[in-house]
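Asks: Residue numbers (my numbering), protein chains in the order written: chain A, 13 to 312; chain B, 13 to 312. Note that the Cβ used here is the ideal one computed from N, Cα and C, for glycine as well. Quick caveat: nothing in here was measured; it's all calculated off a predicted structure.
2 protein chains.
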Amino acid sequence: MALISNEDTLKSWNDGPVKQSILEFLKSSTQEGPDYVKPADRIATFDNDGTLWVEQPVPVQLNFLFRVFANTAQNDPSLASKQPYKAILERDMTFFQKAVEQDPEAIMALEGAFAREWSGKTPDEYEAEVKEFFATVKQEKFAANFTDLVYKPMLELFDLLKSYEYRVFVCSGGSREFMRVISEETWGIFKENVIGFSFQVEYHDGVLTRGDTVLGGVAIGPGKVEHIFARTGRLPVFAVGNGDVDIEMLESARFRLLVHHDDDEREYAYENGVEKLRAIAKEKKYAIASMKNDWKQIFR
Amino acid sequence: MALISNEDTLKSWNDGPVKQSILEFLKSSTQEGPDYVKPADRIATFDNDGTLWVEQPVPVQLNFLFRVFANTAQNDPSLASKQPYKAILERDMTFFQKAVEQDPEAIMALEGAFAREWSGKTPDEYEAEVKEFFATVKQEKFAANFTDLVYKPMLELFDLLKSYEYRVFVCSGGSREFMRVISEETWGIFKENVIGFSFQVEYHDGVLTRGDTVLGGVAIGPGKVEHIFARTGRLPVFAVGNGDVDIEMLESARFRLLVHHDDDEREYAYENGVEKLRAIAKEKKYAIASMKNDWKQIFR
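Laid out in structure tokens, this is it:
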């Protein structure tokens, strides 16, 4: 049941056409009429980096991986000439740009490094490493914990969607297990609603460990839709993203919301990696949330 | 919040130690105290065949596969000498027994037949085939639709678990996509809470099709726990099964309920494929639901 107070949920959003279009879509898709969506179909999917939290100067998970892999390469100098270690040690971002652009060789090198690092480790061991990272590393510009740099307007949107009986999923190109460490406390989203890059799990003699086989490919571009469908049996009705790797997910949804990073003062302003999506969003009249103009408050 | 009327939910269960132990566990695990389970951890997992519906004389999905694969072999006689077609045409159940016992060669042959049959088809095409099967094929002994042979006591248990804020998942060795066709209407369980054997999904130019790569192995034995953890990020707290392939899932849970098929009149009585589980259940004092004695009504 939609609550009477729904309209007040988006407190950090300025009144304007974007907030209005969200409210109107949620009403029309949950009331009898031509736009009605039955409850079972009410799936909302959100990208993570740049959509739910700050992704500059490097995405949070890359920051984590850089530290872990640099440490590994220091302990095993034979790795220094191999990717992704070479790129990390030389601070060469072109390798990671290739991975984002779905270059098979770059992705395979990254997958190999993941496997080398965590294959055979238990979920608890991995979780402890991720928690240590969150407890000790701060975001540069804001000198704050990454989990404090989650966007308040998005958390309000989660609440609003839930009040209309939408089921909210987060789908990221990053590691599912990494996000699951913080998803419940930070987003109020159960681990099972977090979708992303993941490895085979192995269970022997009552012990779970991570294997070295990637499950279902990388969740970027068409891979986002593939992961979402595998997980939910559906395409999203409502989708939110901010980068070119979100295009297919957004195109597969009925309501498309783009987070536009245009606030260099309160967050960042950039167009890199979002050019194609911006062109499509303008042409197809997506809802485009300007951080600068549509959000009263950025961080939770 | 637990509702006052919880105790009345298990209407098709006779009063007795099994019903009592379920009610007591759900109370103690949701009230402050030594057995408390916080809401995020409240995961309940159910096997499907023999736990939620009749699995005799052959599991429903095997019935479906036999028909589809027999038809395929008739259209392509070169397949008649290959597995699983050979076993189906010769009505030789030993091949399928091997698959249940996780024989790698049998599983690979079955996976190949799945890929040959549905690789490149859309989810809608597959769903139409499954719906046609359910609309036309009846269970032999009861001359009834398979979906009418779902156990009413289990549907009541779903409701009871949900009232205690448990999240209910179904995890089967059978195909996830097959179960998802009927999960919402028959069980009241959203597709996304159905876990099982599944294939890579591919998304090209706005069209989803099934690929030919199995994702995460077969969900039997340790594979059940692997699929459950991959899907939820947790082990179950409450688990229900009926066969040897459920042992690892049950052992990974705190409350274990076994469905014992001992009612040849109203359903079936059999011990085949459940001997190991029965021994463990007795030794470790699982809750054992006797269909004959604990269930007032079998079917919904």
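Which whole-angstrom value is the C-beta distance of A52 of chain B and E196 of chain A, which I expect to be below 8 angstroms?
Replies: Correct: roughly 5 angstroms between the Cβ atoms.
Asks: When you compare the CB of A14 of chain B with every CB in chain A, is at least one pair closer than 9 angstroms?
Replies: Low local confidence applies: a pLDDT of 45 at A14 of chain B is under 50, so the model's placement there is unreliable, with the coordinate-based value given in what follows. Chain A, which has no Cβ nearer than 9 angstroms to the Cβ of A14 of chain B, makes this no.
Asks: Rank B:E279, B:G253, B:R246 by C-alpha distance to the C-alpha of T134 of chain A and give the top, closest one.
Replies: For the residues B:E279, B:G253, B:R246, the minimum Cα distance to T134 of chain A belongs to B:R246.
Asks: Verify the CB distance criterion: does P116 of chain B have a CB-CB separation below 9 angstroms to chain A?
Replies: So no, P116 of chain B is outside the interface.
Asks: Quick check on E214 of chain B: does DSSP put it in helix, strand or coil?
Replies: Three-state DSSP puts E214 of chain B in a strand.
Asks: Would you say V80 of chain B lies against chain A (beta-carbon separation less than 9 angstroms)?
Replies: Judged by the 9 angstroms Cβ criterion, V80 of chain B is not in contact with chain A.
Asks: I want to see whether chain A comes within less than 9 angstroms of G235 of chain B, judged by CB atoms only; does it?
Replies: It does: the Cβ of G235 of chain B has a partner Cβ on chain A nearer than 9 angstroms.
Asks: Helix, strand or coil for H272 of chain A, going by three-state DSSP, please let me know.
Replies: Of the three classes helix, strand and coil, the one that applies to H272 of chain A here is strand, per DSSP.
Asks: Would you be able to state if there are at least three C-beta pairs under 8 angstroms between the stretch 74-92 of chain A and the stretch 266-284 of chain A?
Replies: Contact between the stretch 266-284 of chain A and the stretch 74-92 of chain A is absent, because fewer than three Cβ pairs lie under 8 angstroms.
Asks: Check this for me: beta carbons of F58 of chain A and K164 of chain A, under 9 angstroms apart or not?
Replies: Not a contact, by the Cβ cut-off of 9 angstroms.
Asks: For P29 of chain B and L22 of chain B, I'd like the C-alpha separation in whole angstroms.
Replies: Their Cα atoms are separated by approximately 13 angstroms.
Asks: Give the list of continuous alpha helix (DSSP H) stretches no shorter than 4 residues that lie fully inside the stretch 62-87 of chain B.
Replies: The stretch 62-87 of chain B contains these whole alpha helix (DSSP H) runs: 72-87.
Asks: Rounding to the nearest angstrom, what Cα-Cα distance links W307 of chain A and G132 of chain B in this structure?
Replies: Each residue's Cα considered, the two are about 44 angstroms apart.
Asks: With DSSP as the reference, label T21 of chain B as helix, strand or coil.
Replies: In this structure, T21 of chain B counts as coil in the three-state DSSP scheme.
Asks: Buried or exposed, going by whether 16 or more other CB atoms sit within 10 Å of the CB of Y48 of chain A?
Replies: Exposed, by the Cβ-count rule.
Asks: What does R192 of chain B reach in chain A if we use C-beta pairs closer than 9 angstroms?
Replies: In chain order: G245.
Asks: If we count Cβ pairs, one from each stretch, closer than 8 angstroms, do we get three or more for the stretch 150-166 of chain B versus the stretch 95-111 of chain B?
Replies: Counting Cβ pairs under 8 angstroms, fewer than three are found: no touch.
Asks: Distance cutoff 9 angstroms, beta carbons only. Does Y48 of chain B sit that close to anything in chain A?
Replies: Not one chain A Cβ lies under 9 angstroms of Y48 of chain B.
Asks: Just to check my reading of the structure: G233 of chain B and V257 of chain B have Cβ atoms closer than 8 angstroms, yes? What is that Cβ distance to the nearest angstrom?
Replies: About 5 angstroms separates the two Cβ atoms, so the contact holds.
Asks: List, in chain order, every chain B residue whose beta-carbon is nearer than 8 angstroms to that of Q109 of chain A.
Replies: Result: empty, since nearest Cβ-Cβ is about 23 angstroms, beyond 8 angstroms.
Asks: Which ranges would you report for the beta strand (DSSP E) in the stretch 162-218 of chain B if only whole runs of at least 3 residues count?
Replies: DSSP runs (the beta strand (DSSP E)) wholly in the stretch 162-218 of chain B: 179-187, 206-209, 211-216.
Asks: Could you work out which residues of chain A lie near A52 of chain B, taking near to mean beta carbons separated by less than 9 angstroms?
Replies: In chain order: E196, F202, K203.
Asks: Could you check if N83 of chain B is buried or exposed, using at least 16 other CB atoms within 10 Å of its CB as the buried criterion?
Replies: Exposed, because fewer than 16 other Cβ atoms sit within 10 Å of the Cβ of N83 of chain B.
Asks: Just checking my contact of R188 of chain A with I201 of chain A at CB under 8 angstroms: how many whole Å lie between their CB atoms?
Replies: Incorrect: roughly 12 angstroms between the Cβ atoms, too far for contact.
Asks: What does the Cβ neighbour count give for K31 of chain A, buried or exposed, with the cut at 16 atoms within 10 Å?
Replies: Answer is buried; the Cβ neighbour count reaches 16.
Asks: Does I16 of chain A pass the burial test, meaning 16 or more other C-beta atoms within 10 Å, or should it be called exposed?
Replies: In this predicted model, I16 of chain A has a pLDDT of only 46, less than 50, meaning its place in the structure is not dependable; the value taken from the coordinates is given anyway. So I16 of chain A ends up on the exposed side.
Asks: Report the three-state DSSP secondary structure of A156 of chain A (helix, strand or coil).
Replies: Strand, per DSSP.
Asks: Measure from the alpha carbon of R192 of chain A to the alpha carbon of each residue in A:K174, A:T159, A:G255, A:D115, then state which is nearest.
Replies: Minimum Cα distance to R192 of chain A is reached at A:T159.
Asks: Distance check for L122 of chain A and V112 of chain A, CA to CA, integer angstroms please.
Replies: V112 of chain A and L122 of chain A: Cα-Cα distance of roughly 11 angstroms.
Asks: Along chain B, in chain order, which residues have C-beta atoms closer than 8 angstroms to that of Q32 of chain A?
Replies: Per Cβ cutoff of 8 angstroms: no residues; Q32 of chain A is ~29 angstroms from chain B at best.
Asks: Is the beta carbon of R54 of chain A less than 9 angstroms from the beta carbon of E177 of chain A?
Replies: Contact: yes.
Asks: Which runs of the alpha helix (DSSP H) fall wholly inside the stretch 76-141 of chain A and span at least 4 residues, in chain order?
Replies: Listed in chain order, the complete alpha helix (DSSP H) runs (minimum 4 residues) inside the stretch 76-141 of chain A are 97-101, 106-112, 116-130.
Asks: For R266 of chain B, decide whether its Cβ has a neighbour in chain A, counting only Cβ atoms nearer than 9 angstroms.
Replies: So, not an interface residue.
Asks: Applying a beta-carbon distance threshold of less than 7 angstroms, which residues of chain B neighbour F209 of chain A?
Replies: Simply none; closest approach about 12 angstroms.
Asks: With DSSP as the reference, identify every bridge partner of S264 of chain A, one or two as the case may be.
Replies: Bridge partners of S264 of chain A: none, in fact.
Asks: Just by C-beta distance, which residues in the stretch 215-230 of chain A are closer than 8 angstroms to chain B?
Replies: Flagged, chain order: Y215, H216, G218, L220, L227, G228, G229.
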